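In the numbering used here, the protein residues as written are -3 to 593. Each remark here refers to the structure printed beneath this line.
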Ligand code: ADP
Ligand code: MG
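Dropping the structure here:
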C-alpha cells in the first residue's frame, strides 16, 4: 500500500514535469515570433537565453532560427520522458491495487457461508471480480493522475495567462463556470445509467455461465432455442442499456465541446481585435491561442473524470457488496489432536432454509459410533439437507444435534469438517490428475499405497489401471470424461483417504450397479477401525445389513429400525421394498424363459 502511494506520488511528480515542459513550448514560440517578426529581444526569460547560448545561438535572428526549433525538440523530448514515467508508474500502482482487490475478493468468496451461493449467481460474481475490478483499475490508472495533472495545469496556467495579459486572461476563462456546472449536473445523472448498464452485463454473464455449466442438459433436452431466446433477451437489454449510455455520453461530449470551442473562438476574436488595436503583441496572441487549449483541457478532463468516477463508484459499490457479506463463523470448540468417536444424536431437530417452510421437523434419532445407518426417502424429503447439517454447511434452526454429546453448533466448523468425510450427491472433480483428485481428501500428503488402497475400497483401482496414463490421467476439459459412476467412486476414494470418524454418502452409490455397490459396502465394513457411516440410498438392498434404517418423509422421520423390522411394518419402507424386489423377479423370470427359448 505504501509502495503504491509512492508510485502515485512519483507519477504525479512526473506529470508536473511533463506539464512544465508542455507549457514552455508556446512561450518559446512567442519569443521567437516577437524577436524575429517584431523587434523584441530574445528573450526576457533568462532560462531561454542561457539555453540558446548553450546550443551556440546567443541571439535569435533569421539565421539562427534553427536554434528555436532545436529548443522545441529538446522540450518535447523531456516531455516524452516524463509522460513515459508517469504512464509506467501509475500503471504499476493501479495494477497492483487491482491485484490486491481480486485477491481480497477471492479470499472472501472462499470464506462466505454456503448460503451465499444460493443467493448469488456465479456469472454475476465473476463479472464483479473481473469487469468491475477492471473499471476501478482503469479509473485509478488514468484518472487519479489526471486529476493531479489538471490541478497542476490550472495552477500553472492561470498565473502565466494573468502575467501575459490580465484582461485577456479573463476573456479566456468566461465560459469555464458554465462548463463545470454542466459537467457536475451530468455526473449526477449518468451514475444511475452506468449502474443499469453494469447490472445488465451481470445478468447477461449469469445466463451465459448457467448455460455453459448445464450445456449437456440443454443439449439433451433440445433446449437450445429456449436458451438462445433467454440469452438474446439479456443480450438485447444489455445492448439497449449501453446504447442509451452512449447516447447520453455523446450528447454530453458534443455539448461540452461546443462550449469549449466557442471559448477558443472567443479568445481568437477578442485577441485579434486587441492585437490590431495594439493592446497585444502578435506573439502574445499566438501564445494565448495555444494556452487556452491547455486551460480548457483540464476543464474538459473534469467532465471525463467525473464520468469515470461515476462508473468507478458503481463498480466499487458492486465489489463492496461482496466484501460486505459476512464470513462464515469459524469459531467454536476444537481439539485438533484428537478425533471424535462418532456418536450422533438428533433431538427434535428442525431446519428451514428460509423463514417460511420448514424442511426438517422434529427429527430425533441416535447413532452409536461405528454404526452404519441408511437413510431412505422420496426426493425432496430432506435427506441431503439432513446430511449437510453435520459438517455445518447449514446450521439447524431448532432442537439440537449432539456429536459425542457436544452441541454441534458450538463445534468449530473447520474441526468438524475434518472429522466428517462427505461424498456429495453431485461429486465435483478438479481438472487435475486422478491421483491429485483423490489426494485432496487428506491434508498430509498420502503415499501411493494409501491412495491405491482407498481406490480399491472404492472399487475404482482396477479401472484406473486400465487407463493409458493410469492415475496420472487428467480429468475434465483437457482430459478424459468420466462416467457418473466413475466420478462417484473417485469421490468415494477421496473421502476414504481422509479417514474420518464419520463418513457420509449422499446418494453416492446410485450410479453404480448393485454388484459394485455391494463390493464397496463390504470393503468398507471389513476395513479395520470403527467409523460411523451414514448412507443415503434409493436402493434398499443397501439397507439390508445396516444397523439402523431411517425413513424420511416430508422432512420428518416416519419410520426407523432394522430392515427386518421395517419390512414387517406397514409403511413407505415396506411398499418400496416390495416394489424394488418384485420387478427383479419378474425380469429374472423373463430372462430365464427367454434363454430357454
Ligand atoms: P433430498 O436430498 O431428500 O432429495 P433435499 O434435502 O435436497 O432433499 O431438499 C429438501 C427440500 O429443501 C426440498 O424442498 C428443496 O427444494 C429444499 N432445498 C434444498 N436445498 C435448498 C437450498 N439451498 N435453499 C432452499 N431450499 C432448498
Ligand atoms: Mg438429495
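For glycine and all other residues, C-beta sits at the position ideal for the given N, C-alpha and C. Quantities reported herein were computed from a predicted structural model and do not represent experimental measurements.
Reference residue i; option with closest CA among the options
i	options	result
residue 575	534, 542 and 560	534
residue 132	243, 93, 511 and 261	93
residue 504	426, 421, 139 and 234	421
residue 231	246, 204 and 218	204
residue 397	429, 376, 374 and 363	363
residue 72	257, 20 and 115	20
residue 110	491, 388, 538 and 537	388
residue 499	401, 528, 165 and 23	528
residue 119	68, 202, 63 and 164	202
residue 280	312, 26, 314 and 545	26
residue 547	445, 114, 166 and 360	360
residue 9	78, 100 and 457	78
residue 233	84, 497, 532 and 197	197
residue 244	183, 290, 262 and 166	183
residue 350	64, 114 and 32	114
residue 256	189, 269, 291 and 342	291
residue 124	216, 445, 105 and 542	105
Sequence-distant residues of its chain with Cβ nearer than 7 Å to residue i (five each side left out)
i	result
residue 431	447, 467 and 468
residue 137	86, 87 and 90
residue 282	25, 26 and 29
residue 68	21 and 24
residue 365	337, 338, 339, 526 and 528
residue 310	187, 190, 191 and 194
Limits of the alpha helix (DSSP H) - the one that residue i falls within
i	result
residue 69	61 to 107
residue 357	Run containing residue 357: none in the alpha helix (DSSP H); it sits in the beta strand (DSSP E), 356 to 363.
residue 376	No alpha helix (DSSP H) holds residue 376; DSSP gives it neither H nor E.
residue 252	220 to 273
residue 152	140 to 160
residue 441	Looking at the DSSP string, residue 441 is not in any alpha helix (DSSP H), and its letter there is neither H nor E.
residue 310	278 to 319
residue 16	-2 to 32
residue 417	Per DSSP, residue 417 belongs to no alpha helix (DSSP H); it is in the beta strand (DSSP E), 416 to 419.
Sequence-distant residues of the same chain with beta carbon closer than 6 Å to residue i, five excluded per side
i	result
residue 295	172 and 175
residue 577	none
residue 386	416
residue 507	480, 481 and 484
First and last residue of the uninterrupted beta strand (DSSP E) at residue i
i	result
residue 341	340 to 347
residue 196	Taken as a continuous stretch (DSSP letters only), residue 196 belongs to no beta strand (DSSP E), being part of the alpha helix (DSSP H) at 172 to 209.
residue 567	Neither: residue 567 is in no beta strand (DSSP E) and is coded neither H nor E.
residue 501	498 to 502
residue 557	552 to 557
residue 532	528 to 532
residue 395	394 to 399
residue 548	544 to 549
C-alpha gap between residue i and residue j, whole angstroms
i	j	result
residue 564	residue 571	10 Å
residue 317	residue 412	29 Å
residue 181	residue 3	33 Å
residue 461	residue 482	13 Å
residue 410	residue 102	19 Å
residue 66	residue 293	26 Å
residue 428	residue 472	8 Å
residue 455	residue 493	13 Å
residue 95	residue 0	12 Å
residue 368	residue 437	21 Å
residue 509	residue 501	16 Å
residue 423	residue 433	11 Å
residue 375	residue 325	31 Å
residue 491	residue 569	29 Å
residue 442	residue 450	11 Å
residue 187	residue 289	28 Å
residue 242	residue 252	15 Å
residue 134	residue 496	48 Å
residue 519	residue 121	42 Å
residue 489	residue 452	8 Å
residue 609	residue 285	Any question about residue 609 goes unanswered here, given that the chain covers just -3 to 593.
Cutoff 8 Å: residue i Cβ touching any chain C Cβ
i	result
residue 146	The displayed structure is made up of one protein chain only, and chain C is not part of it.
Cut-off 8 Å between Cβ atoms - residues of its own chain near residue i, not counting five sequence neighbours on either side
i	result
residue 593	Reliability of the predicted coordinates at residue 593 is poor, the pLDDT of 49 falling under 50, and no value is obtained from them.
residue 392	345, 346, 347, 356, 385, 404 and 405
residue 221	none
If you pair each beta-carbon of the segment 296 to 306 with each one of the segment 155 to 164, do three or more pairs fall below 8 Å?
The segment 296 to 306, when compared against the segment 155 to 164, does not touch it at the 8 Å Cβ threshold.
Any 3 or more C-beta pairs closer than 8 Å across the segment 9 to 22 and the segment 138 to 150:
Remark: three or more beta-carbon pairs, one from each stretch, lie closer than 8 Å, so the segment 9 to 22 and the segment 138 to 150 are flagged as touching.
For the segment 369 to 381 against the segment 540 to 552, do three or more pairs of beta-carbon atoms, one drawn from each stretch, fall closer than 8 Å, so that the two count as touching?
Judged by Cβ distances under 8 Å, the segment 369 to 381 makes contact with the segment 540 to 552, as three or more pairs qualify.
Is the segment 349 to 366 in contact with the segment 504 to 518, if contact means three or more CB pairs nearer than 8 Å? In short, these stretches do not touch, since the Cβ pair count stays below three.
Q.
For the structure I just gave you, are there three or more beta carbon pairs, one from the segment 179 to 193 and one from the segment 224 to 240, closer than 8 Å?
A. At 8 Å Cβ cutoff, the stretches touch.
The segment 322 to 342 in contact with the segment 206 to 225 per 3-pair CB rule at 8 Å
They do not touch, by the three-pair rule.
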